[in-house]
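Undergrad:
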Amino acid sequence: MLPQDLLAGLRALLPAGAVLSRPEELLVYDCDAYTIEKAAPLAVVLPTSTEEVAAVARFAHQHGLPLVPRGAGTGLSGGCLAHDGGIMLALTRMTKVLEVDLANRRAVVEAGLVNARLTEAVARDGYAFAPDPSSQSACTIGGNVAENAGGPHTLKYGVTVNHVLALEVVLPDGEVVWLGDRTEDAPGYDLLGLMVGSEGTFGIVTKAVVRLVPQPEAVRTLLAIFPSVADASNAVSALIGAGIVPAALEMMDALILQAVEAAFQYGFPLDAGAVLIIELDGLEAGLDAQKDQVLRLCHEHLATEVRVAKDAADRARLWLARKKAVGAVGRLSPSKITMDGVIPRTRLPEVLAAISEIGARYGLRIANVFHAGDGNLHPVILFDERDPAQVQTVLEAGGEILKACLAVGGSITGEHGVGVEKSAFMHLQFTAADLAAMASLREVFNPDGRLNPGKLLPVHRGCAELPRRFKGAAT
33 MLPQDLLAGL RALLPAGAVL SRPEELLVYD CDAYTIEKAA PLAVVLPTST
83 EEVAAVARFA HQHGLPLVPR GAGTGLSGGC LAHDGGIMLA LTRMTKVLEV
133 DLANRRAVVE AGLVNARLTE AVARDGYAFA PDPSSQSACT IGGNVAENAG
183 GPHTLKYGVT VNHVLALEVV LPDGEVVWLG DRTEDAPGYD LLGLMVGSEG
233 TFGIVTKAVV RLVPQPEAVR TLLAIFPSVA DASNAVSALI GAGIVPAALE
283 MMDALILQAV EAAFQYGFPL DAGAVLIIEL DGLEAGLDAQ KDQVLRLCHE
333 HLATEVRVAK DAADRARLWL ARKKAVGAVG RLSPSKITMD GVIPRTRLPE
383 VLAAISEIGA RYGLRIANVF HAGDGNLHPV ILFDERDPAQ VQTVLEAGGE
433 ILKACLAVGG SITGEHGVGV EKSAFMHLQF TAADLAAMAS LREVFNPDGR
483 LNPGKLLPVH RGCAELPRRF KGAAT
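The sequence shown lines up with residues 33 to 507 when you count with the numbering used here.
1) According to the Cβ coordinates, are Val5 and Gly144 closer than 8 Å?
2) For a test of the three-state rule: what should DSSP assign to Phe477, helix, strand or coil?
3) I'd like the span of the alpha helix (DSSP H) that includes Asp346, first residue to last.
4) Just reading off the alpha helix (DSSP H) that Lys323 is part of, what are its end residues?
5) Applying the 10 Å Cβ sphere with the 16-neighbour rule, what's the burial state of Glu453?
6) Cα separation between Pro55 and Thr425?
7) I'd like the span of the alpha helix (DSSP H) that includes Glu432, first residue to last.
8) Would you identify the three-state DSSP class for Asp64, choosing helix, strand or coil?
9) Going by DSSP, which residues form a beta bridge with Ala250?
10) In angstroms, rounded to a whole number, what distance separates the CA positions of Glu84 and Asp205?
11) Taking Phe91 as part of the alpha helix (DSSP H), name the residues at either end of that continuous run.
12) Which residue wins for smallest C-alpha separation from Ala335, given the options His459, Gly373 and Ala262?
13) Is Ser265 buried or exposed, if buried means 16 or more other CB atoms sit within 10 Å of its CB?
14) Alpha carbon to alpha carbon, how far is Met284 from Val401? Give it in angstroms, no decimals.
15) Consult DSSP for Pro499 and reduce its assignment to one of helix, strand or coil.
16) Just verifying my parser: in three-state terms, what is the DSSP assignment at Phe457?
17) How should Ala40 be labelled, buried or exposed, when 16 other C-beta atoms within 10 angstroms of its C-beta is the threshold for buried?
18) Indicate whether Met126 and Pro73 have their beta-carbon atoms separated by less than 8 Å.
19) So, at 6 Å on beta carbons, what are the nonlocal neighbours of Leu130 in its own chain, with the 5 sequence-adjacent residues on each side left out?
20) By DSSP, does Ala468 sit in helix, in strand, or in coil?
21) Mapping DSSP to helix, strand and coil, what is Val228?
22) Taking only the alpha-carbon atoms, compute the straight-line gap between Val17 and Gly275 and give it to the nearest angstrom.
23) Does Leu42 pass the burial test, meaning 16 or more other C-beta atoms within 10 Å, or should it be called exposed?
24) Where DSSP assigns a beta bridge to Leu52, which residues make up the other side?
25) Any idea if Leu134 is buried or exposed, counting beta-carbon neighbours within 10 angstroms, 16 or more meaning buried?
26) In the DSSP assignment, the beta strand (DSSP E) including Gly212 goes from what residue to what residue?
27) With a 10 Å radius around its C-beta and 16 neighbouring C-beta atoms as the bar for buried, classify Ala155 as buried or exposed.
28) Unbroken alpha helix (DSSP H) runs of length 4 or more, entirely within the stretch 121-150: which are they?
29) Measure the C-alpha to C-alpha separation of Pro223 and Gly212 and round it to an integer number of angstroms.
30) Where do the ends of the beta strand (DSSP E) carrying Asp285 lie?
31) Less than 8 Å between CB atoms is the rule here; does Tyr66 satisfy it with respect to chain C?
32) Along the beta strand (DSSP E) that carries Pro101, what are the first and last residues, could you check?
33) In whole angstroms, what separates the C-alpha of Val201 from that of Arg90?
34) By how many angstroms is the C-alpha of Ala87 removed from the C-alpha of Asn478?
35) Roughly how many whole angstroms lie between the Cα atoms of Ala48 and Ala153?
36) To the nearest angstrom, how far is the alpha carbon of Ala465 from that of Arg379?
Here's what the structure looks like:
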């Protein structure tokens, strides 16, 4: 807990009830959805305006305190872990839609607005906010910006950075700046692009000007059932190779299907090796012809059945089951870690086989539910985090999965971010010069490293200095 004089100074900056300091209050903020590592902040503040965020940042700067931004806590890489203590800035009371400009297809929102609430605000006018993480019913726009979040429909529509025009940002010393512009292409250096995906290490996003997209005229959603993951993977390559760009192309394997069917009773076949959810959208004219092409390609690649959603309600039930799939895994195991590697689509069969082999070797069950269309894997490792030996085994197996992704020309993360989970693996993807350049760039925005310390870039440079939990990252 912060010393009483500092707590008093902090409370003087904010309305009553906006500073939390009791141990039981801080416990709620000791981790995000990456629950393996936990550390409570010394205090949590709940601002309701940019001015209050700036005042807290100035206070932290004056007293040399670490400052950790947090959205809804749905992140999966420990991106808002307060492992150095300090003050946590939880932006969940900054939830306003400040402006909707349909003529120019944009909106201005506060950082704590829940992702799904923005689409709900403009849906009756035929618009949407395209990025749709599986946690969109809880995650915030500010958190999406920090992690450059994706989602099932980003295969066609792009990730968060493709839908942000400008950001209001509070820098670590309390200065408030705007990056980007409401126009489509602002001149000068792309500081906006730098901020998106910087995982809270450059500044605290307080407002965002975002693009809105028209909802498609027509949609066709298919569920293709395959005997094996390899067959489904081959179908993915065939669909993309044929020039089809689905709005979404998702895969769930047999283990995930068990949990999802138990939770939602959608009618998933429990004897399937894998299923693909394939969504096509666009103009009504020609969409059925594209659907027929998808049906043909799926059957050519050994699909045993392809179902077409009967109506909007059927489609909504299918997407609910997909987006809640990782949560449903709680029916199978007391704990889980959801990983986030990226590989070329054509390497899906071999990497998924490698993941299966890693699971067998370590005695772990690993389920797979992921964005197959863009090769963004989400292996879900099942375990019991109350057992330290299991935790260590999971971390070592997770390291091998990341190495398997890198071995085929992939990446250690696609949308979950590096956070603390993968920071010790950055040297496997980037050279020492690359990492030094990133560190130098961070120092421009965050010169004393107080803002979200210990995230994204590796803290330990030499292999011998790597934390024990990351020993799998040494080579």
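C-beta: ideal position from N, C-alpha, C; glycine also.
TA: Let's see:
1) The chain is shown only over 33 to 507; residue 5 falls outside these bounds and no answer can be derived.
2) By 1-based counting over the sequence shown, the position of residue 477 is 445. Phe477: helix per DSSP, three-state reduction.
3) Along the sequence shown, one-based indexing puts residue 346 at 314. Where Asp346 is concerned, the enclosing alpha helix (DSSP H) starts and stops at Ala344 to Lys355.
4) Residue 323 sits at position 291 when you count from the first residue of the sequence shown. Where Lys323 is concerned, the enclosing alpha helix (DSSP H) stretches over Leu319 to Glu332.
5) Taking the first residue of the sequence shown as 1, we reach residue 453 at position 421. By the 10 Å Cβ count, Glu453 comes out buried.
6) Looking up residue 55 in the sequence shown gives position 23. Looking up residue 425 in the sequence shown gives position 393. One C-alpha to the other measures close to 31 Å.
7) The residue you call residue 432 lines up with position 400 of the sequence shown. Glu432 -> alpha helix (DSSP H) spans Pro420 to Ala439.
8) Residue numbering aside, residue 64 sits at position 32 when the sequence shown is read from its first letter. Three-state result, Asp64: coil.
9) Counted from its first residue, the sequence shown places residue 250 at position 218. Its beta-bridge partners are Gly314.
10) Counting from 1 along the sequence shown, the entry for residue 84 is found at position 52. Counting from 1 along the sequence shown, the entry for residue 205 is found at position 173. If I take the Cα positions, the gap works out to 13 Å.
11) Sequence index remark: in the sequence shown, residue 91 carries index 59 (1-based). Thr82 to His95 is the span of the alpha helix (DSSP H), which, as asked, contains Phe91.
12) Indexing the sequence shown from 1 puts residue 335 at position 303. Nearest option by C-alpha distance: Ala262.
13) Sequence index remark: in the sequence shown, residue 265 carries index 233 (1-based). Label assigned to Ser265: buried.
14) Within the sequence shown, residue 401 is the residue found at index 369, counting from 1. Within the sequence shown, residue 284 is the residue found at index 252, counting from 1. Approximately 4 Å between the Cα atoms of the pair.
15) Working through the sequence shown from its first residue, we reach residue 499 at position 467. Here the model assigns Pro499 a pLDDT of 39, short of 50, so the residue's position is not dependable, and the following value carries that caveat. If DSSP states are grouped into helix, strand and coil, Pro499 belongs with coil.
16) Within the sequence shown, numbered from 1, the residue matching residue 457 stands at position 425. Looking at Phe457 - three-state DSSP - the assignment turns out to be helix.
17) On the sequence shown, residue 40 is found 8 positions in, with the first residue counted as 1. By the neighbour-count rule (16 or more Cβ atoms within 10 Å), Ala40 is not buried but exposed.
18) Counting from 1 along the sequence shown, the entry for residue 126 is found at position 94. Counting from 1 along the sequence shown, the entry for residue 73 is found at position 41. Contact: no.
19) Looking up residue 130 in the sequence shown gives position 98. Cβ within range, chain order: Val140.
20) Numbered from its first residue, the sequence shown carries residue 468 at position 436. DSSP places Ala468 in helix when its eight states are reduced to three.
21) For the purposes of this step, residue 228 is taken as residue 196 along the sequence shown, with counting starting at 1. The answer is coil: DSSP assigns Val228 none of H, G, I, E or B.
22) Since the first residue of the chain shown is 33 and the last is 507, residue 17 is not available in this structure.
23) Taking the sequence shown and counting its residues from 1, the one referred to as residue 42 is at position 10. Its Cβ being crowded by 16 or more others within 10 Å, Leu42 is buried.
24) In the sequence shown, counting from the first residue as 1, residue 52 sits at position 20. Per DSSP, Val76.
25) Locating residue 134 in the sequence shown gives position 102, counting from the first residue. Exposed.
26) Within the sequence shown, the letter at position 180 stands for residue 212. Start and end: Val208 to Gly212.
27) As a position in the sequence shown, residue 155 is number 123, starting the count at 1. Ala155 should be labelled exposed.
28) none
29) On the sequence shown, position 191 is the one that residue 223 refers to. On the sequence shown, position 180 is the one that residue 212 refers to. Checking the displayed sequence, the identity of residue 223 turns out to be Leu instead of Pro. Answer to the nearest angstrom: the Cα atoms are 7 Å apart.
30) Within the sequence shown, numbered from 1, the residue matching residue 285 stands at position 253. Note, Asp285: beta strand (DSSP E), Ala280 to Asp285.
31) This model lacks chain C altogether, as it is built from one protein chain only.
32) For the purposes of this step, residue 101 is taken as residue 69 along the sequence shown, with counting starting at 1. Run containing Pro101: Leu99 to Arg102, per the beta strand (DSSP E) assignment.
33) By 1-based counting over the sequence shown, the position of residue 201 is 169. By 1-based counting over the sequence shown, the position of residue 90 is 58. The C-alpha of Val201 lies about 14 Å from the C-alpha of Arg90.
34) Along the sequence shown, one-based indexing puts residue 478 at 446. Along the sequence shown, one-based indexing puts residue 87 at 55. Roughly 17 Å separates the two Cα atoms.
35) The sequence position of residue 48 within the sequence shown is 16, counting from 1. The sequence position of residue 153 within the sequence shown is 121, counting from 1. Roughly 30 Å separates the two Cα atoms.
36) Here the question's residue 465 lines up with position 433 in the sequence shown. Here the question's residue 379 lines up with position 347 in the sequence shown. Their backbone Cα atoms lie some 29 Å apart in a straight line.
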